[in-house]
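These notes are about the structure you will find just below.
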Amino acid sequence: MEDKKSIKASFDRLPAEEQEQLLNELLQAQELKGDLLETAGQDVANTRKRKPCPHCRSEKVYKRGKQKGVQMYQCRECTKWYSETTGTPLWDIKLKHKWQAYLRCMQQGMAIKKIAKELNISIQTSFDWRHKILSSLAELSPEKLQGIVECDELELPVNNKGCRSLDREPRKRPSDFKRNEPYDGASTVQVVTVVERGGGKYLKAVEAKGLSTEQIRQALKGKLAEGTTLITDKHPSYKALTKQNPSLKHKTVRSTDHVNPKDKTVHLQHVNSTHGQLRKFLSPFNGVSSKYLQNYLNWFAYADQLANTKTLLKQWLITILLSPNAYALFRLFKENAVNIRT
363 MEDKKSIKAS FDRLPAEEQE QLLNELLQAQ ELKGDLLETA GQDVANTRKR
413 KPCPHCRSEK VYKRGKQKGV QMYQCRECTK WYSETTGTPL WDIKLKHKWQ
463 AYLRCMQQGM AIKKIAKELN ISIQTSFDWR HKILSSLAEL SPEKLQGIVE
513 CDELELPVNN KGCRSLDREP RKRPSDFKRN EPYDGASTVQ VVTVVERGGG
563 KYLKAVEAKG LSTEQIRQAL KGKLAEGTTL ITDKHPSYKA LTKQNPSLKH
613 KTVRSTDHVN PKDKTVHLQH VNSTHGQLRK FLSPFNGVSS KYLQNYLNWF
663 AYADQLANTK TLLKQWLITI LLSPNAYALF RLFKENAVNI RT
């Protein structure tokens, strides 16, 4: 039996293209075993003795054996049975062993169809898995942003990708977009972006041609701590918002300026940089439907949190296993989604 040294020597003799191909084949073979999911599940089990009841939130529960390797529970309050994966994106999934490989493909920015081909699953399954995973991120946005906070909006055209009953002329290319094209409803989506100088990010999609004070208030509801210094451009809606919230300190910079000439600490460079990163993040997906955009914004913010994490895929799986409301959020999402014709 060859040792590691001789295997490595044989590998080094291969041409670069064959080395890359072999590495990809070995990585996929290892991922398809799904071992990392079991490890992540064990880590979650070690942090809590029992999973609280997803039906009534009671912690008075007891273990009732295992089914197909998954821990089962029964609640003493509502008497309902449930499993370790009930309510999570992994609930009622038959190909759990492929999720590790699926997450790797997601992390590489692969489109839904490309992942389906890579893992030999249907396009509809690939679509559903992506949005089940992204539904687990909905509750991970920062509870409060504080200190010095920059806020601005990024305008994107409304994207009706997948819709088969448009009430306007279809666009053949992104450059066909006209901001004031005549049709019922808003033609743009405003991504309200809040960046804390300490690193926290919060992004909220609002379908509107221009943001009103009420829309900004709803987008930022409960997200700014008392005493926060809010830096924005001179949009009148932000001024009206801070008048309604006297605890907020408001500083402005003209949108045409990079820095307030009277105070060099007043700028929007962090939020403008975030907008550039977001455009780059969305680019590989060849247009994201506006009705799914919030899921992708949550993904962008979460991926930024994990930028320096060494055990990235494992952390994704732990997040999925700790999200008891993800499946319910996915069901709500599916009410507005469309089935993909393959």
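The numbering used here numbers the first residue of the sequence shown as 363 and each following residue consecutively.
Just so you know, even glycine gets a beta-carbon here, dropped at the ideal spot from N, CA and C.
Small disclaimer: the values here were computed from a predicted structure and weren't measured.
What's the C-alpha gap between residue i and residue j?
| i | j | result |
| --- | --- | --- |
| A478 | S484 | 6 Å |
| S651 | L573 | 20 Å |
| E515 | R438 | 48 Å |
| T704 | A473 | In this prediction, T704 has a pLDDT of 41, which is less than 50 and means its spatial position is unreliable; nothing more can be read from the coordinates. |
| V520 | V621 | 31 Å |
| L376 | K370 | 10 Å |
| P646 | T604 | 37 Å |
| F643 | L668 | 14 Å |
| G560 | E380 | 44 Å |
| Q606 | D666 | 32 Å |
| H632 | L465 | 28 Å |
| Q433 | Q404 | 11 Å |
| H629 | G649 | 30 Å |
| K476 | A587 | 42 Å |
| K366 | A378 | 19 Å |
| S512 | H493 | In the sequence on display, residue 512 carries Glu and not Ser. Near 29 Å, if we compare the C-alpha coordinates of H493 and E512. |
| A570 | S599 | 14 Å |
| A463 | Q429 | 24 Å |
| K585 | N482 | 42 Å |
| V615 | D595 | 5 Å |
| D374 | Q383 | 13 Å |
| H637 | L565 | 10 Å |
| Q656 | I680 | 22 Å |
| E697 | R419 | 25 Å |
| N522 | F695 | 16 Å |
| V551 | G431 | 45 Å |
| A602 | A567 | 20 Å |
| A581 | W443 | 37 Å |
| T409 | A663 | 25 Å |
Out of the options, which has the shortest C-alpha to C-alpha gap to residue i?
| i | options | result |
| --- | --- | --- |
| E558 | K428, N634, S549 and Q462 | N634 |
| Y658 | E697, M468 and Q606 | M468 |
| T450 | E439, L610, C415 and K571 | C415 |
| K460 | L675, K523, N607 and T681 | L675 |
| R426 | C418, S420, T441 and V554 | T441 |
| K624 | H632, Q631 and K613 | K613 |
| Q677 | Q383, L399, L384 and K366 | L399 |
| D490 | L507, D454 and E501 | D454 |
| K503 | D374, I593 and K583 | The question names Lys, but residue 503 is Ser in the sequence shown. Of D374, I593 and K583, the residue nearest in Cα terms is K583. |
| V556 | D374, I578 and T550 | I578 |
| V554 | L518, N522 and E382 | L518 |
| K411 | E421, A402 and K367 | E421 |
| L640 | W661, K653, Y654 and T627 | W661 |
| T575 | K413, E588, K611 and H597 | H597 |
| I510 | H637, S368 and T627 | T627 |
| P608 | L592, E697 and Y435 | L592 |
| K563 | K506, A602 and S549 | K506 |
| Y424 | S445, S368, V406 and L655 | S445 |
| A402 | S488, Q486 and T673 | T673 |
| Y435 | A407, S488, S368 and K458 | A407 |
| A548 | D397, H417, K653 and S368 | K653 |
With residue i as the anchor, note down where its beta strand (DSSP E) starts and where it stops.
| i | result |
| --- | --- |
| C513 | I510 to P519 |
| A567 | K563 to E569 |
| I593 | T591 to T594 |
| T305 | Because the chain is modelled from 363 through 704, residue 305 falls outside the range shown and cannot be assessed. |
| S651 | Element bounds for S651: n/a, residue is neither H nor E. |
| R412 | Per DSSP, R412 belongs to no beta strand (DSSP E) and is neither H nor E. |
| W443 | W443 to S445 |
| G427 | V423 to Q429 |
Would you give the residue range spanned by the alpha helix (DSSP H) that residue i belongs to?
| i | result |
| --- | --- |
| R375 | Counting along the chain, R375 falls outside any alpha helix (DSSP H), and DSSP gives it neither H nor E. |
| C437 | Counting along the chain, C437 falls outside any alpha helix (DSSP H), though it belongs to the beta strand (DSSP E) covering V432 to C437. |
| K676 | L674 to L683 |
| G403 | D397 to T409 |
| R579 | T575 to A581 |
| L457 | That residue, L457, is in no alpha helix (DSSP H); it is neither H nor E in DSSP. |
| D666 | L655 to Q667 |
Checklist entry - Which parts of the stretch 604 to 637 are runs of the beta strand (DSSP E), unbroken and 3 residues or longer, counting only runs that do not cross its ends? => result 611 to 614
Item to check | contact_flag[the stretch 673 to 693, the stretch 492 to 509] where n(CB pairs < 8 Å) is 3 or more | outcome: yes
Checklist entry - Counting pairs of beta carbons, one from the stretch 448 to 465 and one from the stretch 671 to 686, are three or more of them closer than 8 Å? => result yes
Item to check | Runs of alpha helix (DSSP H) lying entirely within the stretch 460 to 514, each at least 4 residues, in chain order | outcome: 461 to 469, 474 to 481 and 485 to 497
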